[in-house]
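For the sequence shown, the numbering used here begins at 85 and goes up steadily by one.
Ideal placement from N, C-alpha and C gives every residue a C-beta, glycine not left out.
Note that this is a predicted model, so its numbers are computed, not measured.
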Amino acid sequence: MSKRSEARLAAILLCVACALGAAEKTRKRPVIDVTRQIALLPPKPVSLPGVPIRQVDVRLPLPKASPAPGTACPRLFCNDGLTSRLPAAAPKDGWKIRWQAPVIPEFTPTAVVQDGDRVLAYGGGAWRLFDLDGKPLQDGRNGSSGMVLDAGHGLFYFVNPDGFLAAHRLSDGNAEYNLNPAPGDAWPFIARRGNRFIDAAVDLPKPYRPEPPNRAVLQHLDVDAKIEVDAVKVVSNLTALATLQLKTSTMLAAMRGDDVIFAAPGRIFLSSSDLQPRAALDGDFAPRLLSVDELGRMHLIVGTGDKLSVWVVTPDGSRTVSRPLNPEYGPPIAPPIVGYDHRIHLVAADGIVTLDAYGGPLWERRPQGRVAGAGAAADDQLIVAAGRELQAYDGKGEREILFRSVAGALTTPPAMSASGEIFVATAEALFCLSRAK
């Protein structure tokens, strides 16, 4: 199994999507064949009439969101909606280093995730688990997937180099059990709801493949309350298994509660976690990045021809935002960041663009140094890792520096605990920042 970092994986997926988008110029609307299969039964086609995505000019007030109690940043982009909402406020003054700890040499972290009393840094195919005082607990290797912490079950999940969807203990980092993930080469989305696992897989270009990749799979696996495993720790008593297979190599997935939202060229699907789609929204686009807020509003970076735009689409197919992106900043490096006030932050390696909830421009900035990522704090500040600095931007785009690294440039987006501590990494160290009392 390849030991790509998640950033490398995202770049590959984006390139595949761009190539697919270029090919789609010659046809008005891509038609994606979808089949659903339950366990080993024969697959059946999914036939779902699509609702055309239509532009509307509606500016209804949107209720301000609030952090859910006890939430943290258990995955890259913080939550299953991939909105990059940080769980607490980030005041502009008084920050200090509570601790710093070395990361695995020669494996530059690209993400930090935090949940419960654990924090994990990963990138380049390797990960290191820490306690909340910076003590390293376990090192390991991962395949082409991200890492998802689950303090409620005392586990964390990833696809390991052997190709299993692995569940490891947060207590010590050791393996607890394995599942068979959806078939594919990379797994851009993993989540859990109760005893149900949901994972998404896509095929990638390979030298031995005579044709371009043309498969994406969504899967749910239901485990029993009392898990039984075989000799190699593979769960042997699944209670349910279903898959959706799409004839495309471009698929994005996110979740809102029990709903799974997934986008393929020309179509957005809305489904519950049992993977029985109930609605489809159709348009002429190739999806690049996706996030979903608590209202079910889908924020997408889409390709139309050779141009990128940001869209906001409601569950009924109303497109309330459609705005082209400034190519000077390059493509976004994260799904649209959705603030608690529903402002939209578009983050590229060379710049930041902030829009209001209806797509109106608010401010643009070009930080010094490469932008590694950002998150929207509960006090509506945008926290940005750029160059050696962790920066906070207020509603007017005014900047304050929260932290400056002396150990090289920051390489990860900021993560945050429920109590408001910030975690960010360089190629050498993981930092825990807290406010001076």
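Pairwise C-alpha distance: residue j and residue i
| i | j | result |
| --- | --- | --- |
| V313 | E260 | 9 Å |
| P267 | I122 | 15 Å |
| P127 | L330 | 12 Å |
| C157 | S168 | 8 Å |
| M339 | K480 | 31 Å |
| T110 | R483 | Its pLDDT being 36, under 50, T110 is placed unreliably in this model, and the coordinates cannot settle the point. |
| L514 | P186 | 6 Å |
| I282 | Q360 | 13 Å |
| S489 | D306 | 44 Å |
| M382 | L336 | 12 Å |
| A284 | P297 | 15 Å |
| E505 | L166 | 20 Å |
| P175 | A458 | 16 Å |
| D463 | A173 | 5 Å |
| A275 | I137 | 28 Å |
| H426 | P445 | 13 Å |
| W447 | A205 | 31 Å |
| A309 | P245 | 27 Å |
| N262 | C516 | 31 Å |
| K317 | A300 | 27 Å |
| S255 | Q465 | 33 Å |
| D344 | I352 | A quick correction: the sequence has Val, not Asp, at residue 344. About 11 Å. |
| I467 | D287 | 34 Å |
| A456 | T496 | 5 Å |
Reduced DSSP secondary structure (H/G/I, E/B, other) of residue i
| i | result |
| --- | --- |
| A91 | Because A91 carries a pLDDT of 48, less than 50, the predicted location of this residue cannot be relied on, and the following value inherits that uncertainty. Helix at A91. |
| E260 | strand |
| Y413 | helix |
| Y424 | coil |
| K109 | Legend: pLDDT at K109 = 40, less than 50; position of this residue unreliable, value from coordinates given subsequently. K109: helix per DSSP, three-state reduction. |
| M500 | strand |
| S357 | coil |
| G218 | coil |
| M85 | Because the pLDDT of M85 is 44, which lies under 50, any placement of that residue in the model is unreliable, and the number read from its coordinates should be weighed accordingly. M85 falls in the coil class under three-state DSSP. |
| P291 | coil |
| P419 | coil |
| L166 | coil |
| I188 | coil |
| T334 | coil |
Nearest-angstrom Cβ-Cβ length linking residue i and residue j, presumed shorter than 8 Å
| i | j | result |
| --- | --- | --- |
| A348 | G134 | Not really, about 12 Å apart at Cβ, beyond 8 Å. |
| L233 | R277 | Incorrect: roughly 15 Å between the Cβ atoms, too far for contact. |
| R159 | G230 | 6 Å |
| R450 | G471 | So it is not a contact: roughly 12 Å between Cβ atoms. |
| L439 | I428 | 4 Å |
| V142 | S402 | 7 Å |
Residue i: first and last residue of the uninterrupted beta strand (DSSP E) it sits in
| i | result |
| --- | --- |
| C516 | 513-519 |
| S406 | 402-408 |
| L239 | 239-243 |
| D41 | The chain is shown only over 85 to 521; residue 41 falls outside these bounds and no answer can be derived. |
| I506 | 506-509 |
| V196 | 195-199 |
| T398 | First-last for T398: undefined, no H or E at that position. |
| D366 | 363-366 |
Which residues DSSP lists as bridging residue i, in chain order
| i | result |
| --- | --- |
| T155 | T155 is not bridged to any residue. |
| R329 | Note that residue 329 is Gln in the sequence shown, not Arg. Per DSSP, T119, V301. |
| M382 | V376, V397 |
Residue i Cβ short of 6 Å to the ligand FAD heavy atom set
| i | result |
| --- | --- |
| P145 | No copy of the ligand FAD occurs in the structure displayed, which carries no ligand at all. |
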